[in-house]
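A.B. asks: In terms of this note's numbering, the sequence shown has 110 at position 110, counting the first letter as 1, and numbering is strictly consecutive.
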Amino acid sequence: MRKPIIAGNWKMNMTPEEGMKLINALIPKAKDAKCDVVCCVPYVDLPFAIAAAKGSNIKIGAQNMHQLAKGAYTGEISGEMLKAMGVTHVIIGHSERRQYFNETDENVNLKARHAIELGLTPIICVGETLVQRDGGDTDTVVSNQTKIALRGLNVEQLKQVVIAYEPIWAIGTGKTATNEQANETIGVIREAVRHYFGEAGSGNIRIQYGGSMNAANCVGLMAQQQIDGGLIGGASLKADDFATIVQAATDAAMKEIIK
Ligand code: PGA
């Protein structure tokens, strides 16, 4: 059984003070969660978010990192720095980083490998554009992104990895993939993992859905066999909405236990 993981992606939102308020509001609502609960916050919010979440079950993640330990890379942040602060998770290769900051599958792979070496949990994002979906290329695109992202890792390291399937056309658009589309494509991603790492790899790896997941559609998505959680943008900025999604993941996990 795979423990669900619900991660908020705050993107470029929330001042440190606003972020602390949000986490303080979330703590009592998420305290009985039977899933991992993570808030991925802007770099400057990290120390404040970590202080606010101290002693709770909420983990704090970053939204990116550089693939090297240190050096002359103005404006960049290393995984070593994140680790030293108490960050546990890091989003890698979000489609917005691929689109606006030219991140490639190869960058994603280097970052993921470095995160794992440091003991950080990478949340690796994959997903197709609308043109690719309409062209029937979804399976090839996500399988290829997955293959390159995980290159050089072993089955043991894979246990530490989370993949987020985020169809680009569903991000921030209010258009969600249907439960069936999300389940099916996550099945394709899991099959790609199985192809390279065998059952041990594909059975353990957690794969989230992301893209306009919210308080209204989370129950249906979380009920799908292949979906192990969510990467939540807009709805993670409201404590009540995010807590509703955490509850849906908790209920789905409890149902699995009872089965
Ligand atoms: P959204 O963002 O939930 O606002 O669509 C998801 C994401 O980009 O991770």
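Beta carbons: idealized from backbone N, C-alpha and C, even for Gly.
With a Cβ-Cβ cutoff of 8 Å, do Trp169 and Thr129 count as a contact?
C.D. replies: The residue given as residue 169 occupies position 169 in the sequence shown. The residue given as residue 129 occupies position 129 in the sequence shown. Yes.
A.B. asks: Do the CB positions of Val38 and Met14 come within less than 8 Å of each other?
C.D. replies: Sequence index remark: in the sequence shown, residue 38 carries index 38 (1-based). Sequence index remark: in the sequence shown, residue 14 carries index 14 (1-based). Result no, Cβ atoms of Val38 and Met14 do not sit closer than 8 Å.
A.B. asks: Output yes or no for whether 8 Å exceeds the beta carbon distance between Val131 and Ile189.
C.D. replies: Working through the sequence shown from its first residue, we reach residue 131 at position 131. Working through the sequence shown from its first residue, we reach residue 189 at position 189. No, these two residues do not count as a Cβ contact at 8 Å.
A.B. asks: Any idea what DSSP makes of Ile205, helix, strand or coil?
C.D. replies: Stepping through the sequence shown from its first residue, residue 205 is reached at position 205. In the structure shown, Ile205 sits in coil (DSSP, three-state: anything other than H, G, I, E or B).
A.B. asks: Classify Ala72 as buried or exposed, calling it buried when 16 or more other Cβ atoms lie within 10 Å of its own Cβ.
C.D. replies: Position 72 of the sequence shown, counting from 1, holds the residue named residue 72. Exposed.
A.B. asks: Using a Cβ-Cβ cutoff of less than 7 Å, which residues in the same chain neighbour Ile23 once the five nearest sequence positions on both sides are dropped?
C.D. replies: Counting from 1 along the sequence shown, the entry for residue 23 is found at position 23. So the list reads Cys39, Ala49, Ala52, Ala53 and Ile58, once near-sequence residues are dropped.
A.B. asks: What number of angstroms, rounded off, separates the C-alpha of Tyr100 from the C-alpha of Ile258?
C.D. replies: The residue labelled residue 100 in the question sits at position 100 within the sequence shown. The residue labelled residue 258 in the question sits at position 258 within the sequence shown. Taking the straight line from one Cα to the other gives about 44 Å.
A.B. asks: Determine the DSSP secondary structure at Asn9, reduced to helix, strand or coil.
C.D. replies: Walking along the sequence shown from the start, residue 9 turns up at place 9. Three-state DSSP puts Asn9 in a strand.
A.B. asks: Measuring alpha carbon to alpha carbon, tell me which of Lys21, Ile5 and Met12 ends up nearest Asp240.
C.D. replies: Stepping through the sequence shown from its first residue, residue 240 is reached at position 240. The residue with the shortest Cα to Cα distance from Asp240 is Lys21.
A.B. asks: Using a C-beta cutoff of 8 Å, does Thr140 count as contacting chain E?
C.D. replies: No chain E appears in the structure shown, which is made up of a single protein chain.
A.B. asks: Quick check: the Cα distance between Ala182 and Asp137, rounded to an integer number of angstroms?
C.D. replies: Numbered from its first residue, the sequence shown carries residue 182 at position 182. Numbered from its first residue, the sequence shown carries residue 137 at position 137. The straight-line gap from Cα to Cα measures roughly 15 Å.
A.B. asks: Which stretch, first to last residue, makes up the beta strand (DSSP E) that contains Asp36?
C.D. replies: Start at 1 with the first residue of the sequence shown, and residue 36 comes out as number 36. Residues Asp36 to Cys40.
A.B. asks: What distance in whole Å lies between the Cβ atoms of Pro122 and Val90, which are believed to be in contact at a cut-off of 8 Å?
C.D. replies: What you label residue 90 is simply residue 90 of the sequence shown in a count that begins at 1. What you label residue 122 is simply residue 122 of the sequence shown in a count that begins at 1. With a Cβ gap of about 6 Å, Val90 and Pro122 count as contacting.
A.B. asks: Less than 8 Å between the C-beta atoms of Ala252 and Lys3, yes or no?
C.D. replies: Working through the sequence shown from its first residue, we reach residue 252 at position 252. Working through the sequence shown from its first residue, we reach residue 3 at position 3. Cβ distance not < 8 Å, so Ala252 and Lys3 don't count as in contact.
A.B. asks: Do Asp179 and the ligand PGA come close, with the Cβ less than 7 Å from some heavy atom?
C.D. replies: As a first step, residue 179 must be located in the sequence shown, where it is residue number 179. It is Asn, not Asp, that sits at residue 179 in the sequence shown. Outside the cutoff, so no.
A.B. asks: Does at least one heavy atom of the ligand PGA sit under 7 Å from the Cβ of Ala149?
C.D. replies: On the sequence shown, position 149 is the one that residue 149 refers to. Checking the Cβ of Ala149 against the ligand PGA gives no.
A.B. asks: What residues in its chain sit with their C-beta under 8 Å from that of Ile77, if we drop five residues either side in the sequence?
C.D. replies: Start at 1 with the first residue of the sequence shown, and residue 77 comes out as number 77. Correct list, in chain order: Tyr43, Ala62, Asn64, Met65 and His66.
A.B. asks: From Glu18 to Gly172, what does the alpha carbon distance come to, in whole angstroms?
C.D. replies: Residue mapping note: residue 18 aligns to position 18 of the sequence shown, counting from 1. Residue mapping note: residue 172 aligns to position 172 of the sequence shown, counting from 1. When rounded, the distance between both Cα atoms is 21 Å.
A.B. asks: Which residues share a DSSP beta bridge with Pro122?
C.D. replies: To locate residue 122, count along the sequence shown from 1; it is residue 122. Pro122 is bridged to Val90.
A.B. asks: Which residue comes first and which comes last in the alpha helix (DSSP H) that contains Ile257?
C.D. replies: The sequence position of residue 257 within the sequence shown is 257, counting from 1. Where Ile257 is concerned, the enclosing alpha helix (DSSP H) stretches over Ala239 to Ile258.
A.B. asks: Check whether the Cβ atoms of Thr176 and Asn217 lie closer than 8 Å to each other.
C.D. replies: Residue 176 sits at position 176 when you count from the first residue of the sequence shown. Residue 217 sits at position 217 when you count from the first residue of the sequence shown. Result yes, Cβ atoms of Thr176 and Asn217 sit closer than 8 Å.
A.B. asks: Ends of the alpha helix (DSSP H) at Gly220?
C.D. replies: Here the question's residue 220 lines up with position 220 in the sequence shown. Note, Gly220: alpha helix (DSSP H), Cys218 to Met222.
A.B. asks: If the criterion is Cβ atoms closer than 8 Å, does the pair Ile205 and Val193 meet it?
C.D. replies: Here the question's residue 205 lines up with position 205 in the sequence shown. Here the question's residue 193 lines up with position 193 in the sequence shown. Yes.
A.B. asks: Look up Tyr165 in the DSSP assignment and say whether it is helix, strand or coil.
C.D. replies: What you label residue 165 is simply residue 165 of the sequence shown in a count that begins at 1. In the structure shown, Tyr165 sits in a strand (DSSP, three-state: E or B).
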